Amino acid sequence: MSYFLNKQGEIIIRNLIDTIIKNKEYLSEIDGAIGDGDHGINLNKGFTKFKNNKFNPEDDFSISLEKLGSVLMMEIGGSMGPLYGNFFMKMSQEIKGKEKIDKKTFGKMLNEGVEAIQILGNASLGDKTILDTLIPAQKAFKEAINNKKKFSEALKGLKEAAERGKNSTKEMVAKVGRASRLGERSRGVLDAGATSCNLILQSMADSIIPLLKEFDTN
Amino acid sequence: MQRIINDPDNVVEDMLKGYVKNHSDLVSSTDNPRVLKYKSAPIDGKVGIVTGGGSGHKPAFIGYIGKNMVDAVAVGEVFSSPTAKAFLDAFKAADAGKGVACLYGNYAGDNMNVKMAIQMAKSEGIEVKTVVANDDVASAPKTEREKRRGVAGEVLMWKIGGAKAVQGGSLDEVINAAQKAINNTRSIGIGLTSCTIPAVGKPNFEIPEGKMEVGIGHHGEPGIEVTDLKSADEMAKLMVNKIIADLPFIENDEIAVLLSGLGATPAMELYILYKEIPDLLKDKGISIYKSYIGDYFTSLDMMGATLTFMKLDEELKDLLDMRANSMGFKEFGE
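Chains as they are written, first to last, in numbering that gives the first Met the number 0: chain Z, 0 to 217; chain A, 0 to 333.
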């Protein structure tokens with residue numbers, strides 16, 4: 000059975016921070032088309048605050064996610080602060096105190112995170128939100144492990160589904176959030192939340208896959 | 000972009016520092032740098048009035064802190080909801096044990112952060128009830144009023160809620176008065192230019208030369224329709240008709256009118272826009288009880304205006320007439 004260790008969280012978190020900081024302007028640009036152009040700025044602010052004030056390389060994955068979630072939830076505001084804040088905090092709770100994170104545990108983390116966003120944001124699939132990336136990714140991962148795929152293959156499935164999900168928002172009409180007031184005029188542009196969520200999932204999966212090799216006995 | 004700023008990422012902090020230095024007669028800072036309060040808040044025996052929202056709308060939101068108006072405000076980044084913590088701390092700054100009325104605008108981020116703050120406040124024994132302003136007729140059809148944004152009508156909601164609290168209203172009575180105010184209030188905006196968030200550095204969107212955007216939002220959310228730029232008189236007619244049809248406002252109604260610039264509109268042009276409005280209303284048998292013209296609720300450096308009408312009854316008139324003193328809104332009187 001493949002797994003990675005909770006104490007290997009440092010590299011996953013570092014890569015995540017770098018991904019957000021690198022894409023700050025890209026995300027704001029997408030948001031500017033139908034939102035108010037601050038998505039990248041706010042996420043960057045949150046991740047940078049976490050990096051400078053709270054991030055401790057000694058922390059395990061769970062503790063880092065909890066600290067990151069708490070900074071986003073308490074200090075960032077906007078819509079993305081509470082949404083991503085809850086997302087990371089719920090994911091963290093699922094692995095608190097656990098030594099190993101296998102595919103089943105990671106699947107549960109995803110479920111918890113997605114549920115938190117659904118409850119708070121009150122959106123459904125197809126509303127042109129973060130969930131249009133998250134739900135297909137969650138589903139692909141679940142199906143893969145149900146089909147006895149290896150952890151790394153399930154993560155590859157998640158990556159593909161997240162990318163497709165993000166791209167699917169381009170042709171959607173926004174139903175919730177600020178862009179929803181545009182109706183038809185929101186069509187033709189990617190959703191900023193779905194895009195940042197894809198970057199987050201890609202980064203996490205890309206960081207986890209190499210970690211799995213060390214323990215992969217399959 | 001040419002702006003009077005220091006670090007574009009610190010515009011909110013810098014603005015708050017300047018604001019507190021100049022308005023120390025009205026406001027004081029709190030332990031949370033993103034919360035300002037009325038210097039006398041919390042006021043014994045009075046329901047606390049709280050609002051909050053993104054920055055860039057000056058005088059909203061902090062400009063309405065003051066006597067018989069708002070007690071505490073949660074301050075967000077430019078065009079971005081304050082944190083749940085800021086709302087919670089604002090509740091604490093305003094609560095005198097009679098509960099807190101949180102009167103804010105209908106935006107996804109604000110809804111989420113207020114919701115979380117209320118949960119946290121509850122565990123600390125503070126009762127909070129809300130009114131969510133949705134006066135912008137352009138932001139959703141009438142059948143989906145719950146989706147509409149809150150815009151400049153929020154100023155009148157704060158005035159009414161603030162006055163009801165000073166009259167000794169219970170939390171429910173304050174909430175009912177503020178809800179009644181917003182239920183009777185309708186607004187529409189017209190944008191002529193875009194606006195620029197300093198940290199982004201370039202305009203948020205584009206309105207071509209010679210065009211205007213009808214129904215534009217307070218964050219530059221594109222409007223419902225882009226048309227050729229019309230004359231001020233035609234704009235007035237368009238705005239009045241859209242608002243009147245929505246409530247609807249009818250013959251013999253008495254209304255309060257609030258005409259707010261969006262940040263870059265010279266006061267001169269607001270008066271030019273206002274010129275036709277009393278006559279257009281008179282033609283429909285609607286009379287103006289009070290009117291307010293100026294920058295009440297802006298969108299950074301956007302050129303344009305928001306027109307707001309509130310239909311009045313005796314209670315609303317009484318509450319509107321109560322003296323109030325804040326930086327953004329003053330009501331003189333007995």
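Think of the CB as a built atom: it goes at the ideal place given N, C-alpha and C, for glycine as much as any other residue. Computed from a prediction, not measured in an experiment: that's the story for all the values here.
Residue state for asparagine 105 of chain A is assigned as coil, using DSSP reduced to three classes.
Within 10 angstroms of the beta-carbon of proline 247 of chain A lie fewer than 16 other beta-carbons, which makes it exposed. At least one CB of chain A lies nearer than 9 angstroms to the CB of lysine 44 of chain Z. Within the region 39-92 of chain Z, the complete alpha helix (DSSP H) segments at least 4 residues long are 60-74, listed from N- to C-terminus. DSSP lists no beta-bridge partner residue for isoleucine 242 of chain A.
When the beta-carbon positions are compared, leucine 299 of chain A and valine 19 of chain A stay at least 9 angstroms from each other. The straight-line gap separating the alpha-carbon atoms of valine 175 of chain Z and arginine 147 of chain A is approximately 11 angstroms. Each residue's CA atom was taken as its position, placing serine 80 of chain A and methionine 111 of chain A some 9 angstroms apart. Comparing alpha-carbon positions, the option among A:Ser290, A:Ala100, A:Asn324 and A:Asp245 lying closest to aspartate 24 of chain A turns out to be A:Asn324. Restricting attention to A:Glu153, A:Gly53, A:Pro41 and A:Asp43, the CA atom closest to the CA of leucine 15 of chain A is found in A:Gly53. Sequence-distant partners of alanine 143 of chain Z (beyond 5 residues in either direction) whose C-beta falls short of 7 angstroms from its own C-beta, in its chain, are Glu152, Ala153 and Gly156. When the alpha-carbon of glycine 284 of chain A is set against those of A:Leu261, A:Ile254, A:Glu268 and A:Ser259, the nearest one is in A:Ile254. Under a criterion of Cβ atoms nearer than 7 angstroms, the residues of chain A adjacent to valine 175 of chain Z are, in order, Ala107. Separation of the CB atoms of alanine 73 of chain A and glycine 51 of chain A is rounded to 3 angstroms, and the pair is thereby assigned contact status at 8 angstroms. Residues are counted here when their Cβ sits less than 8 angstroms from a Cβ of chain Z; for the region 64-94 of chain A these are Gly75, Glu76, Val77, Phe78, Ser79, Ser80, Pro81, Thr82, Ala83, Lys84 and Ala85, given in chain order. Valine 165 of chain A is a Cβ neighbour of asparagine 67 of chain A, given a cutoff of 9 angstroms. In the DSSP assignment, tyrosine 63 of chain A falls outside any beta strand (DSSP E) and carries neither an H nor an E. Phenylalanine 150 of chain Z sits in a helix when the DSSP states are folded into three classes. Restricted to the region 191-277 of chain A, the alpha helix (DSSP H) segments that are unbroken, complete and at least 4 residues in length are 231-245 and 266-273, listed in chain order.
In the DSSP assignment, glutamate 126 of chain A falls outside any alpha helix (DSSP H), carrying neither H nor E. The region 203-219 of chain A makes no contact with the region 157-175 of chain A; the number of CB pairs closer than 8 angstroms stays below 3. Counting only residues of its own chain and dropping the five nearest sequence neighbours on each side, arginine 163 of chain Z has a CB closer than 8 angstroms to the CB of Pro135. Here the region 289-296 of chain A lies against the region 257-265 of chain A, with 3 or more beta-carbon pairs under 8 angstroms apart. Shown here for lysine 310 of chain A: same chain residues with a beta carbon closer than 7 angstroms to its own, the five before and five after excluded, namely Asn183, Leu246, Phe248, Asp252 and Ile254 in chain order. With 16 or more other Cβ atoms from the protein chains shown falling within 10 Å of its own Cβ, methionine 211 of chain A counts as buried. Judged by DSSP secondary structure, methionine 14 of chain A falls within the alpha helix (DSSP H) whose first and last residues are 10-21. Taken atom to atom, the span from the alpha-carbon of serine 185 of chain Z to that of alanine 178 of chain Z is near 6 angstroms. Aspartate 101 of chain Z carries a strand assignment under DSSP once its states are collapsed to helix, strand and coil. Serine 78 of chain Z and alanine 107 of chain A do touch by the CB rule: their CB atoms are close to 5 angstroms apart, below 8 angstroms. Rounded to the nearest whole angstrom, the CA to CA distance from alanine 85 of chain A to serine 28 of chain A is 12 angstroms. For glutamate 220 of chain A, the nearest CB of chain Z lies under 9 angstroms from its own CB, placing it at the interface with that chain. When Cβ-Cβ separations below 9 angstroms define contact, methionine 0 of chain A makes no contact with chain Z. Shortest Cα-Cα distance from leucine 280 of chain A to any of A:Leu269, A:Lys57, A:Ala59 and A:Ile243 involves A:Ile243. Here DSSP, grouped into helix, strand and coil, assigns valine 72 of chain A to strand.
The shortest C-alpha to C-alpha distance from threonine 297 of chain A to any of A:Leu228, A:Leu269 and A:His217 is the one to A:His217. In the three-state scheme derived from DSSP, where H, G and I count as helix and E and B as strand, phenylalanine 3 of chain Z is classed as strand.
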